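K.L.:
In UniProt numbering, the protein residues as written are 1 to 177. Think of the CB as a built atom: it goes at the ideal place given N, C-alpha and C, for glycine as much as any other residue. Because the structure is a prediction, the values reported are computed rather than measured. Following this message is one structure expressed as structure tokens.
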């Protein structure tokens, strides 16, 4: 079990990778608001990787840092919010950027945060905008992406759909009781 920040609750069964020596890992956080919309921020046009595209909160695991520590740090750095809980692992993937940085591995999580969700504190040198994405907005996540690059779109679409289905199931259960 990785070292967990004392204020972060990790739900049972959530796994974190243990990076091997020399592996490059990134972590990502899908954050939902009370309407079930997912937070994304637009990367600045001058970013080395994926310029001017929508992205989830996240970044590289630094040397000596565990993935949960990186997730906690990235949420705070990129939004000003505080990571409260890690609900589930959404998946892992490996990818190679066009920056010559080699193979990277990524673990993405559904998380909950504390803070004013209407007023994120963005890193304006890295991001130029933010928005909340529901089912009707998902197509915008494909803007400026390379053909076939739908990782962020598909990840957020899956989470938003699952949250809607869970909400509908709960409403049906309440109606039956």
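1) Just checking: is the beta-carbon of residue 53 within a distance shorter than 8 Å of some beta-carbon in chain C?
2) Quick one: using the 10 Å Cβ neighbour count with 16 as the cut-off for buried, is residue 35 buried or exposed?
3) Taking 6 Å as the limit between beta carbons, can you name the residues of its chain near residue 70, skipping five residues before and five after?
4) Any contact of the segment 75-83 with the segment 167-176, i.e. 3+ C-beta pairs under 8 Å?
5) By Cβ distance below 8 Å, which residues in the same chain neighbour residue 115 in space, the five residues on each side in sequence not counted?
6) Which residues in the same chain as residue 50 place their Cβ atom closer than 7 Å to its Cβ, once the five residues preceding and following it in sequence are excluded?
7) Extract the residue ranges of the alpha helix (DSSP H) inside the UniProt domain "Nudix hydrolase" (22-158), only unbroken runs of 4 or more that lie entirely within it.
8) Using only CA atoms, which one of 107, 145 and 134 lies nearest to residue 18?
9) I need the straight-line Cα distance from residue 11 to residue 85, nearest angstrom please.
10) Tell me residue 14's beta-bridge partners as DSSP assigns them.
11) For residue 14 and residue 8, I'd like the C-alpha separation in whole angstroms.
12) Quick check: residue 90 and residue 30, are their CB atoms within less than 8 Å of each other?
13) Use the C-beta contact count for residue 165: other C-beta atoms within 10 angstroms, 16 or more gives buried, fewer gives exposed.
14) For residue 2, which residues from the same chain have a beta carbon less than 7 Å from its beta carbon, with the 5 sequence-adjacent residues on both sides left out?
P.N.:
With the given structure in hand:
1) No chain C is present in this structure, which holds just one protein chain.
2) The sequence position of residue 35 within the chain shown is 35, counting from 1. Residue 35 is exposed by the Cβ-count criterion.
3) Start at 1 with the first residue of the chain shown, and residue 70 comes out as number 70. Excluding its 5 nearest sequence neighbours in each direction, residue 70 has C-beta neighbours in its own chain below 6 Å: 27 and 61, listed in chain order.
4) Using a C-beta cut-off of 8 Å, the segment 75-83 makes no contact with the segment 167-176, since fewer than three inter-stretch Cβ pairs fall below that distance.
5) Here residue 115 refers to the residue found at position 115 of the chain shown. So the qualifying residues of the chain are 79, 80, 81 and 82.
6) Here residue 50 refers to the residue found at position 50 of the chain shown. Only 43 meet the Cβ criterion.
7) List check, alpha helix (DSSP H) in window: 67-79.
8) Here residue 18 refers to the residue found at position 18 when the chain shown is read from its first residue. Looking at 107, 145 and 134, the one whose alpha-carbon comes closest to that of residue 18 is 107.
9) Taking the chain shown and counting its residues from 1, the one referred to as residue 11 is at position 11. Taking the chain shown and counting its residues from 1, the one referred to as residue 85 is at position 85. Per the coordinates, the alpha-carbon of residue 11 lies some 7 Å from the alpha-carbon of residue 85.
10) For the purposes of this step, residue 14 is identified with residue 14 of the chain shown, where counting begins at 1. For residue 14, which the question treats as bridged, DSSP gives no partner whatsoever.
11) Along the chain shown, one-based indexing puts residue 14 at 14. Along the chain shown, one-based indexing puts residue 8 at 8. Their backbone Cα atoms lie some 13 Å apart in a straight line.
12) The residue given as residue 90 occupies position 90 in the chain shown. The residue given as residue 30 occupies position 30 in the chain shown. With contacts defined as CB atoms closer than 8 Å, residue 90 and residue 30 qualify as a contacting pair.
13) Position 165 of the chain shown holds residue 165. Exposed is the call here.
14) Looking up residue 2 in the chain shown gives position 2. Caution is warranted here: a pLDDT of 45 is assigned to residue 2, below 50, making its placement in the model unreliable, and no coordinate value can be reported.
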